[in-house]
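Below is one structure, written out as structure tokens; comments come after it.
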Amino acid sequence: MAFQPDIPYNDLPLLPPDKANWETLAVYKNLAEARAAMAELKGRMPIIPNPLMLINTLVLQEAKESSSIENIFTSSDKLYKAFASSTMDADPQTKEVLRYRVALYEGWQQQQNNGIDLSLIENVYRKIKDKNDGIRDSEVYLGNRYKVVYTPPCCYEILNEKLKNWVEFAKANDDIDPLIKMAILHYQFEAIHPFTDGNGRTGRVLNVLYLTQAGLIDKPVLYLSKFINAFKADYYRLLLGVTESSDWEAWVIYMLKAVKATAEETLKKLNQIFELLHNTIEKVRTEAGDIYSRELVDMLFVQPYCKISFLVNGGIASRNTASKYLNRLVDLGILELEKVGNESLYLNRQLYDLLSE
Ligand SMILES: Nc1ncnc2c1ncn2[C@@H]1O[C@H](COP(=O)(O)OP(=O)(O)O)[C@@H](O)[C@H]1O
Ligand SMILES: [Mg+2]
Numbered sequence: 495m496a497f498q499p500d501i502p503y504n505d506l507p508l509l510p511p512d513k514a515n516w517e518t519l520a521v522y523k524n525l526a527e528a529r530a531a532m533a534e535l536k537g538r539m540p541i542i543p544n545p546l547m548l549i550n551t552l553v554l555q556e557a558k559e560s561s562s563i564e565n566i567f568t569s570s571d572k573l574y575k576a577f578a579s580s581t582m583d584a585d586p587q588t589k590e591v592l593r594y595r596v597a598l599y600e601g602w603q604q605q606q607n608n609g610i611d612l613s614l615i616e617n618v619y620r621k622i623k624d625k626n627d628g629i630r631d632s633e634v635y636l637g638n639r640y641k642v643v644y645t646p647p648c649c650y651e652i653l654n655e656k657l658k659n660w661v662e663f664a665k666a667n668d669d670i671d672p673l674i675k676m677a678i679l680h681y682q683f684e685a686i687h688p689f690t691d692g693n694g695r696t697g698r699v700l701n702v703l704y705l706t707q708a709g710l711i712d713k714p715v716l717y718l719s720k721f722i723n724a725f726k727a728d729y730y731r732l733l734l735g736v737t738e739s740s741d742w743e744a745w746v747i748y749m750l751k752a753v754k755a756t757a758e759e760t761l762k763k764l765n766q767i768f769e770l771l772h773n774t775i776e777k778v779r780t781e782a783g784d785i786y787s788r789e790l791v792d793m794l795f796v797q798p799y800c801k802i803s804f805l806v807n808g809g810i811a812s813r814n815t816a817s818k819y820l821n822r823l824v825d826l827g828i829l830e831l832e833k834v835g836n837e838s839l840y841l842n843r844q845l846y847d848l849l850s851e
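Per our numbering, the very first residue in the sequence shown carries number 495; after that it's consecutive.
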């Protein structure tokens, strides 16, 4: 049956889509540019000594952007603070964004162990939504208050079958470039819409895990949500375009442009973080040589807020000494002291500005 907006689209075609619908010169031109940007990013990644530096900080920005596509809002400051603080009672939206980060992290572990499969997909969803259910057995629809634009397939059996096909396509050793596959997989996942909510965010976590699995990047650091947020109307329009008129070409090009822009921006951030790290090392070494150690400075870059227990747990200093170190760094203008309840948090202001700009 042809697609009708208000009837479950049980005839959503299985993957792969016909190449005639996407294999064009324009796609390959965009693919070449996106691949080049990815390769440059991958090659440059090792300059960051501690991978946690990038992962923690970038993941939180991604969590914020991806959630904001779904109208779940928090601020960079609340997020980084809540992440570092052990006592702060974050608001529900901030908590939801923090869970997105954990979902990504745990999904990554699972991907490394077993690859992307149904259990990984359900776990990512459960973590984001803080729920225990899985594939839905009830109808959902997409649209706004006035108009239904798309009704995903229903229910359990059919969703399960389509997801299985999705997993097989993701695993298949075919001749389709992984970036194009990611674009195809993302549309299909959203069109299946297997859960009652959280499908957008789960799908965007799967994007980065897929790229990691395909070896286009060694660690999950390529986050498309900022781009998608900036061009959100196109994102919705082009997803619908595939359903309504099999316009895979426009959708794939959109995703390739997202990859290129994001890889370039991530590379820029990486270089800026690296430069700031080295300036900070120099400054501490020359102006506070007595407290300098490389581990101390590295610790200031794992996340924007630092605190005494991070230094203690990192084996860098005892409690008393750690407090002296951090206060010296405040005197040097590298950190800013902020009280959250009765906890002292130390903000690496320049890193924070760099990440949240
Ligand atoms: N016409 C469409 N066809 C398929 N998927 C769509 C369409 N429009 C929007 N989407 C996807 O649905 C997501 C929203 O689904 P939802 O389950 O609410 O996810 P979340 O709770 O993470 O927002 C969007 O982010 C987008 O990826
Ligand atoms: Mg939602």
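Glycine included, every Cβ here is placed at the ideal spot set by N, Cα and C. Keep in mind the model is a prediction, meaning the values are calculated, not measured.
Rounded C-beta distance between Gly692 and Lys623? I'm assuming under 8 Å.
-> In the sequence shown, counting from the first residue as 1, residue 692 sits at position 198. In the sequence shown, counting from the first residue as 1, residue 623 sits at position 129. Going by Cβ atoms, the distance from Gly692 to Lys623 rounds to 4 Å, so yes, they are a contact pair.
Counterpart residues of Tyr840 in DSSP-defined beta bridges | The residue labelled residue 840 in the question sits at position 346 within the sequence shown. Paired residues: Cys800, Leu831.
Residue burial classification, Arg639 (beta-carbon count within 10 angstroms, cutoff 16) | Looking up residue 639 in the sequence shown gives position 145. Label assigned to Arg639: exposed.
Enumerate in chain order the residues of its own chain whose CB-to-CB distance from Glu655 is below 6 Å, with the five nearest sequence positions on each side excluded.
-> Within the sequence shown, numbered from 1, the residue matching residue 655 stands at position 161. Leaving aside the five residues that flank Glu655 on each side, none in its chain has a CB nearer than 6 Å to its CB.
Quick one: what's got a C-beta closer than 7 Å to Phe567's C-beta in the same chain, skipping five residues either side?
-> Here residue 567 corresponds to residue number 73 of the sequence shown, with the count starting at 1. Taking Phe567 as the centre and dropping the five residues before and after it, the same chain places the C-beta of Gln587 closer than 7 Å to its C-beta, in chain order.
For the alpha helix (DSSP H) that Val591 lies in, which residues bound it at each end?
-> The residue labelled residue 591 in the question sits at position 97 within the sequence shown. 586-608 is the extent of the alpha helix (DSSP H) around Val591.
Identify whether Val643 lies in helix, strand or coil by the three-state DSSP scheme.
-> Here residue 643 is taken as the residue at index 149 of the sequence shown, counted from 1. In the structure shown, Val643 sits in a strand (DSSP, three-state: E or B).
In terms of alpha-carbon separation, which member of Ala578, Ala752, Tyr681 lies closest to Ser803?
-> Start at 1 with the first residue of the sequence shown, and residue 803 comes out as number 309. Per the Cα distances, Ala578.
Whole-angstrom distance between Asn659 and Glu527, CA atom to CA atom = As a first step, residue 527 is located in the sequence shown; it is residue number 33 there, counting from the start. As a first step, residue 659 is located in the sequence shown; it is residue number 165 there, counting from the start. For Glu527 and Asn659, the distance between alpha carbons rounds to 29 Å.
Span separating the alpha-carbon of Ile678 from that of Ala685 = By 1-based counting over the sequence shown, the position of residue 678 is 184. By 1-based counting over the sequence shown, the position of residue 685 is 191. Rounded to the nearest angstrom, the two C-alpha atoms are 11 Å apart.
Output yes or no for whether 8 Å exceeds the beta carbon distance between Met582 and Val796.
-> In the sequence shown, the residue the question calls residue 582 occupies position 88. In the sequence shown, the residue the question calls residue 796 occupies position 302. Contact flag unset, no.
Pair within 8 Å by beta-carbon distance, Val642 and Val699 | Position 148 of the sequence shown, counted from the first residue, corresponds to residue 642. Position 205 of the sequence shown, counted from the first residue, corresponds to residue 699. No, these two residues do not count as a Cβ contact at 8 Å.
Rounded to whole angstroms, how far is the Cβ of Arg695 from the Cβ of Ser560, which I believe are closer than 8 Å?
-> Counting from 1 along the sequence shown, the entry for residue 695 is found at position 201. Counting from 1 along the sequence shown, the entry for residue 560 is found at position 66. 5 Å between Cβ atoms; contact.
Give every residue whose Cβ lies closer than 7 Å to any heavy atom of ligand 2, listed in chain order.
-> Result (chain order): Glu564, Asp691, Gly692, Gly694.
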